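Just below is one structure, and these are the notes that go with it.
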Amino acid sequence: MTWIANRWYVAAWDSEVDRKPIARTICGEPVMLYRKLDRSVVAMRDACPHRLLPLSMGYKEGDSIRCRYHGLLLGADGCAEEMPVKSERVPRAVRAQLYPVVERHRFIWVWIGDPARANPDLVPDFWPCSAPGWTFDGGYSHIACDYRLVIDNLMDLSHETYVHQGSIGQHEILESPIETEVRGEDVFVRRWMPGIEPPPFWRDALRSAGPVDRWQVCQFVAPSSVLIDVGVAPVEAGATIDAHDAGVRGFVIDAMTPESEISTHYFWGMARNFDIDDAGFTARFKAQQGHVFDEDVDVLEAQQRSIDANPGLKLRGFSVDQGSVRARQIIRKLIAAEGGDGI
Amino acid sequence: MTWIANRWYVAAWDSEVDRKPIARTICGEPVMLYRKLDRSVVAMRDACPHRLLPLSMGYKEGDSIRCRYHGLLLGADGCAEEMPVKSERVPRAVRAQLYPVVERHRFIWVWIGDPARANPDLVPDFWPCSAPGWTFDGGYSHIACDYRLVIDNLMDLSHETYVHQGSIGQHEILESPIETEVRGEDVFVRRWMPGIEPPPFWRDALRSAGPVDRWQVCQFVAPSSVLIDVGVAPVEAGATIDAHDAGVRGFVIDAMTPESEISTHYFWGMARNFDIDDAGFTARFKAQQGHVFDEDVDVLEAQQRSIDANPGLKLRGFSVDQGSVRARQIIRKLIAAEGGDGI
Amino acid sequence: MTWIANRWYVAAWDSEVDRKPIARTICGEPVMLYRKLDRSVVAMRDACPHRLLPLSMGYKEGDSIRCRYHGLLLGADGCAEEMPVKSERVPRAVRAQLYPVVERHRFIWVWIGDPARANPDLVPDFWPCSAPGWTFDGGYSHIACDYRLVIDNLMDLSHETYVHQGSIGQHEILESPIETEVRGEDVFVRRWMPGIEPPPFWRDALRSAGPVDRWQVCQFVAPSSVLIDVGVAPVEAGATIDAHDAGVRGFVIDAMTPESEISTHYFWGMARNFDIDDAGFTARFKAQQGHVFDEDVDVLEAQQRSIDANPGLKLRGFSVDQGSVRARQIIRKLIAAEGGDGI
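Protein chains in written order, with the working numbering: chain A, 1 to 343; chain B, 1001 to 1343; chain C, 2001 to 2343.
Written as structure tokens, this is what we have:
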């Protein structure tokens, strides 16, 4: 496996999961997700323990699910409650695997590995997605590539210049030096642009002209997320790369969940601390972000195909790749610690 | 291989095969079928012995077939009759493999295994499909699943309740006990519903009201068919589960032929002993039956995909599966008797 | 590998390659082709040495190519000229593989094997495609089959009778004897039809009635081309099978380049020494030739599928196949000489 088994992965947006089951393959395992009447989320192996028909094709009865094939009824705990022949005694062994679930920071997180180790404290801290004074929204894309290629992409924003030439690409970004730091399991790539003219987007967000300090901090968070802290503050606010709460600030949120070794669920969005009640701004920004990520999807899928077509060639790391090289080292180390080889 | 090699399999409806060749892969082998002038059917390996172009792409000349590529002419016995260079002597070794064929009970049956063992007496006895006083018609579906999943489906009619909820599903059926019996290579699953109100279909067929005895008898017939004897008789007729010719009776006919290990030719239909000259009834029933089987195809293909996606999970057998468990035991035993492993 | 590694293969028509890069997989290797300002052609591995994105997705800057992902700039010699971080020193090792190229006889030829052995004198002699007094044009087809099946097809024109029954097929051709000869690495299959009535196409080309001598000479040229010398001359011109420049003459040009072991780039066309300034004739003939080759594509792809579906069956060689049997012997011998097994 190319991923860390014993970690929380985003399975869905909170908005995607309702009373009616949805099917999604997470880390290679077919999973069904639905909400109980109390709105808590159930994550169950998406295969009836009887004849393996996907349970997500079944019929909900209260919090239970009845298989569409022979009518085996399973409770929200995965245990059979009624056999196809109703009078038949229900064997204890007839149950579908249940996965630990946490709903936090607007995402549904599931734990595919050893359930005994599913500690909710290990859910990555996406605080800007749920903190007071902030708002957060975004979307979902499916990408036919190894999830690590998406991490590579996001830990190096220099790609914006070329991949997003027609949209958000800016040559100025390439000209600012970056600084890479590893703290525990996190990797930070920082860019500090002091005393510059703000680009239009940030000038409008700030609602004032005049020179600003600008920052971009990409943070890799194990097992497979990247948070990008972006914003500007008026020079007189005295912001620093480490403390910059004075101006306008946002986090580009990127959670990549392996579907298989060559396909990825990509959950993306923007959390921000300005204009937080402006629903129109939120919607316009989400549409624009979706368009920009489509440009990434094209490149990432072409890259995966090229990797497959050129088995003799290896990916090289340059100075721009410091962040992703470190992030991959951490992934490899954590996979090795689980006894995997993380090829 | 997952099937019994030395048995007759349905290759086509009698109505599908005419003078112009058709191509169909049977038990993994590409076969061409056509009728001679005397209307007997030829089953030949669908590959020219010269350069392997499918012979079914060729040109018929009388009872012979001329390859579309270089014009090699093969007789209905598979032997070459004329070389691409007409003056060249025809080598005896140039021939296409011929398969034994029997046309019976409205189907074309072929024998893909050892031709020396192709005894026509082994053709399954689909007597209701050709007996006087009966009529028979039906259709064909291709299913992307192991043929044994279709047998499982048909040997347990409890699935009707859920899969066919909107069409023929009835809760009453689940409430009647079943009885399973193995006789030689046949498996019977019987349901006897004495003294009940007939459902609308059977009341109309019987053309009278009043309580009836009703039966459903699923019969697995090696290598891969299921016949379902269904009907009702007025209580006063004194029908029994073993003898019930008094009322109205039909047979749901299901012949499943492996195309490959994961795909199936499904020949289905209904034979009946009432209203046998009513062509409109036949056509309406066939259309409805096709619609019901489409619901099965959806479930069966989803089940096959789920089996593939959950390699660690096994199919379980409950009491409703007695019939299919026994049918699979017989298939396994017959494959083992041929020296196969019948995985 | 099923092909000879150290030979020139046609990668494209001269008209297909311009300043903007195109991508084409040649002998299993993804290749990018483009013209420099001086119009010479560059053939480069189509994968950025940084993160393997296809270079053909990139941006041209003069004769250099800038990768669309992170902006690595590569010169026409494949060497990096500028890193994603512009100030970074360019390591000598950062380069994309360059393939030897020759533009000749209206084709772009590339050498995928050992570049040290790329002798331009080894480019096959397609003289009618570039000789004074001749004109040449044609097209391109992709075929989902082993390139050797196309050679088989072309070295035996008897297939015209059946595959092209509705278009150019003629029974007369089958009736003329053929003569096969191997000269070095070339195989010739000759048909000489003395003193016959010219078919309409050739009569019109000759612009006169009366008996003619007609020839068809298929020539296999290693590694994978077939040239077919066709034409007629008035009997009084005294043409022979070896010397026939008196009448009207054409060459059907066929260059087959392996894309993979089961797919082929097929470059086809017609060179002729009559009506060479009649562009309308050229266009009409090309359209007709394209139509005829579509018939071949259907047959060749069906043949490949049948070969795959019938692993137990072997291709047989009859007398009509003398030419292709010899051509395959030469291919096998040259592959063996390189140390391959040429399965």
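Ideal Cβ placement from N, Cα and C applies to all residues, glycine included. Quick caveat, the model's predicted, so the values are computed rather than measured.
From what residue to what residue does the alpha helix (DSSP H) around histidine 2164 of chain C run?
-> Locating residue 2164 of chain C in the third sequence gives position 164, counting from the first residue. Note, histidine 2164 of chain C: premise wrong, no alpha helix (DSSP H); not H, not E.
Taking 9 Å as the CB-CB limit, is histidine 1159 of chain B close to chain A?
-> Residue numbering aside, residue 1159 of chain B sits at position 159 when the second sequence is read from its first letter. Answer yes: the Cβ-Cβ gap between histidine 1159 of chain B and chain A drops below 9 Å somewhere.
What are the uninterrupted segments assigned as beta strand (DSSP E) that are 3 or more residues long and contained completely in the region 2048 to 2117 of chain C, given in chain order?
-> 2059 to 2061, 2064 to 2066, 2080 to 2082, 2101 to 2104, 2107 to 2111
Phenylalanine 2126 of chain C to phenylalanine 2188 of chain C, Cα distance in whole Å?
-> Translated into the one-based positions of the third sequence, residue 2126 of chain C becomes position 126. Translated into the one-based positions of the third sequence, residue 2188 of chain C becomes position 188. Using only the alpha carbons, I get a separation of about 15 Å.
Chain-ordered chain C contacts of isoleucine 307 of chain A [CB-CB under 7 Å] | Locating residue 307 of chain A in the first sequence gives position 307, where the first residue counts as 1. Within chain C, the residues near isoleucine 307 of chain A are Leu2052.
Straight-line Cα distance separating threonine 2135 of chain C from aspartate 2245 of chain C = Position 245 of the third sequence, counted from the start, is the residue given in the question as residue 2245 of chain C. Position 135 of the third sequence, counted from the start, is the residue given in the question as residue 2135 of chain C. So the two alpha carbons sit approximately 15 Å from each other.
For alanine 1205 of chain B, the first and last residue of its enclosing alpha helix (DSSP H) | Counting from 1 along the second sequence, the entry for residue 1205 of chain B is found at position 205. Unbroken alpha helix (DSSP H) run through alanine 1205 of chain B: 1200 to 1206.
Apply the 10 Å Cβ neighbour rule to glutamine 1219 of chain B and answer buried if 16 or more other Cβ atoms are within range, or exposed otherwise.
-> The sequence position of residue 1219 of chain B within the second sequence is 219, counting from 1. Per the 10 Å Cβ criterion, buried.
When you compare each of A:Asp14, A:Glu295, A:Ile262, A:Asp298 to serine 130 of chain A by their alpha carbons, which one comes out closest?
-> Within the first sequence, the letter at position 130 stands for residue 130 of chain A. The residue with the shortest Cα to Cα distance from serine 130 of chain A is A:Asp14.
At least one CB of chain A closer than 9 Å to the CB of glutamine 1303 of chain B: is that the case?
-> On the second sequence, residue 1303 of chain B is found 303 positions in, with the first residue counted as 1. Glutamine 1303 of chain B counts as touching chain A.
Separation of tyrosine 140 of chain A from phenylalanine 1201 of chain B, as counted between CA atoms | Within the second sequence, residue 1201 of chain B is the residue found at index 201, counting from 1. Within the first sequence, residue 140 of chain A is the residue found at index 140, counting from 1. Answer to the nearest angstrom: the Cα atoms are 49 Å apart.
Can you give me the start and stop residues for the alpha helix (DSSP H) that glutamate 2301 of chain C sits inside?
-> As a working note, residue 2301 of chain C is residue 301 in the third sequence. Start and end: 2279 to 2309.
Give the residues of chain C in contact with tyrosine 1099 of chain B, contact being defined as C-beta atoms less than 9 Å apart.
-> Locating residue 1099 of chain B in the second sequence gives position 99, counting from the first residue. Within chain C, no residue comes near tyrosine 1099 of chain B; the closest Cβ sits about 14 Å away, beyond 9 Å.
Going by C-alpha distance, which of B:Glu1236, B:Pro1223, B:Thr1240 is nearest aspartate 1229 of chain B?
-> As a first step, residue 1229 of chain B must be located in the second sequence, where it is residue number 229. Measuring from the Cα of aspartate 1229 of chain B, the nearest candidate turns out to be B:Thr1240.
Could you tell me which of B:Ile1196, B:Arg1051, B:Asp1018, B:Tyr1266 sits nearest to alanine 1043 of chain B, measuring between CA atoms?
-> Residue numbering aside, residue 1043 of chain B sits at position 43 when the second sequence is read from its first letter. Ranking the options by Cα distance to alanine 1043 of chain B, first place goes to B:Asp1018.
If you draw a straight line from the C-alpha of glutamate 1179 of chain B to the C-alpha of arginine 1191 of chain B, how long is it?
-> Position 179 of the second sequence, counting from 1, holds the residue named residue 1179 of chain B. Position 191 of the second sequence, counting from 1, holds the residue named residue 1191 of chain B. Rounded to the nearest angstrom, the two C-alpha atoms are 7 Å apart.
With methionine 2270 of chain C and phenylalanine 2285 of chain C assumed to form a contact (beta carbons below 8 Å), what rounded beta-carbon distance in angstroms separates them?
-> The sequence position of residue 2270 of chain C within the third sequence is 270, counting from 1. The sequence position of residue 2285 of chain C within the third sequence is 285, counting from 1. Right, their Cβ atoms sit about 6 Å apart.
Pick from B:Leu1037, B:Gly1062, B:Val1031, B:Lys1060 that is closest to proline 1054 of chain B, judged by C-alpha positions = Taking the first residue of the second sequence as 1, we reach residue 1054 of chain B at position 54. Cα-wise, what sits closest to proline 1054 of chain B is B:Val1031.
Between lysine 36 of chain A and the rest of its own chain, which residues show a CB-CB distance below 7 Å, the 5 nearest in sequence each way excluded?
-> Locating residue 36 of chain A in the first sequence gives position 36, counting from the first residue. Val42, Asp63, Ala76.
On a CA-only basis, which of B:Leu1074, B:Arg1183, B:Val1163, B:Ile1196 is nearest serine 1176 of chain B? Give me that one, please.
-> Working through the second sequence from its first residue, we reach residue 1176 of chain B at position 176. Cα-wise, what sits closest to serine 1176 of chain B is B:Ile1196.
Given a threshold of 16 other Cβ atoms within 10 Å of its Cβ, counted over all protein chains shown, does glutamate 259 of chain A qualify as buried or as exposed?
-> As a first step, residue 259 of chain A must be located in the first sequence, where it is residue number 259. Buried: at least 16 other Cβ atoms inside 10 Å.
Taking 9 Å as the cut-off, decide whether the C-beta atoms of glutamine 2304 of chain C and alanine 2144 of chain C are in contact.
-> Position 304 of the third sequence, counted from the start, is the residue given in the question as residue 2304 of chain C. Position 144 of the third sequence, counted from the start, is the residue given in the question as residue 2144 of chain C. The answer is yes: Cβ separation under 9 Å.
Take the Cβ of proline 1021 of chain B as the centre, count every other Cβ of all protein chains shown within 10 Å, and call the residue buried at 16 or more, exposed below.
-> Mapped onto the second sequence, residue 1021 of chain B falls at position 21. It is buried - the Cβ of proline 1021 of chain B has at least 16 other Cβ atoms within 10 Å.
Arginine 1249 of chain B, enclosing alpha helix (DSSP H) - first and last residue = The residue you call residue 1249 of chain B lines up with position 249 of the second sequence. Where arginine 1249 of chain B is concerned, there is no enclosing alpha helix (DSSP H), although the beta strand (DSSP E) it sits in stretches over 1248 to 1260.
Chain C contacts from the region 1036 to 1060 of chain B (Cβ-Cβ distance under 7 Å) | Ala1047, Pro1049, His1050, Arg1051, Leu1052, Leu1053, Pro1054, Met1057
Where do the N-terminal and C-terminal ends of the beta strand (DSSP E) with valine 189 of chain A fall, by residue?
-> Within the first sequence, residue 189 of chain A is the residue found at index 189, counting from 1. Start and end: 186 to 196.
Do cysteine 27 of chain A and tyrosine 1162 of chain B come within 9 Å of each other at the CB atom, strictly closer than that value?
-> Translated into the one-based positions of the second sequence, residue 1162 of chain B becomes position 162. Translated into the one-based positions of the first sequence, residue 27 of chain A becomes position 27. No, they are not a contact pair.
If you measure from the beta carbon of valine 189 of chain A to each beta carbon in chain C, is any gap under 9 Å?
-> Taking the first residue of the first sequence as position 1, residue 189 of chain A is located at position 189. With 9 Å as the cut-off, valine 189 of chain A does not count as an interface residue toward chain C.
Give a yes or no on contact between the region 2324 to 2339 of chain C and the region 2001 to 2013 of chain C, applying the rule of three or more CB pairs nearer than 8 Å.
-> yes
Could you give the residue range of the beta strand (DSSP E) that holds glycine 1138 of chain B?
-> Against the second sequence, residue 1138 of chain B aligns to sequence position 138. Taken as a continuous stretch (DSSP letters only), the beta strand (DSSP E) holding glycine 1138 of chain B covers 1135 to 1143.
Straight-line Cα distance separating leucine 2073 of chain C from glutamate 2081 of chain C = Taking the third sequence and counting its residues from 1, one reaches residue 2081 of chain C at position 81. Taking the third sequence and counting its residues from 1, one reaches residue 2073 of chain C at position 73. Distance between the alpha carbons of glutamate 2081 of chain C and leucine 2073 of chain C is about 5 Å.
Taking C-alpha atoms, which residue in A:Pro100, A:Leu98, A:Gly78, A:Val110 lies nearest to valine 90 of chain A?
-> By 1-based counting over the first sequence, the position of residue 90 of chain A is 90. It is A:Gly78.
Is any beta-carbon of chain A found at less than 9 Å from that of valine 1292 of chain B?
-> Against the second sequence, residue 1292 of chain B aligns to sequence position 292. Chain A contact via Cβ: absent.
Please classify valine 2042 of chain C: does DSSP put it in a helix, a strand, or coil?
-> The residue labelled residue 2042 of chain C in the question sits at position 42 within the third sequence. Correct three-state label for valine 2042 of chain C: strand.
Taking the Cβ atom as the reference point for each residue, do glycine 1250 of chain B and glycine 1231 of chain B lie within a distance shorter than 9 Å?
-> Here residue 1250 of chain B is taken as the residue at index 250 of the second sequence, counted from 1. Here residue 1231 of chain B is taken as the residue at index 231 of the second sequence, counted from 1. Yes.
Enclosing beta strand (DSSP E) for isoleucine 1026 of chain B [first to last residue] | As a position in the second sequence, residue 1026 of chain B is number 26, starting the count at 1. Run containing isoleucine 1026 of chain B: 1022 to 1026, per the beta strand (DSSP E) assignment.
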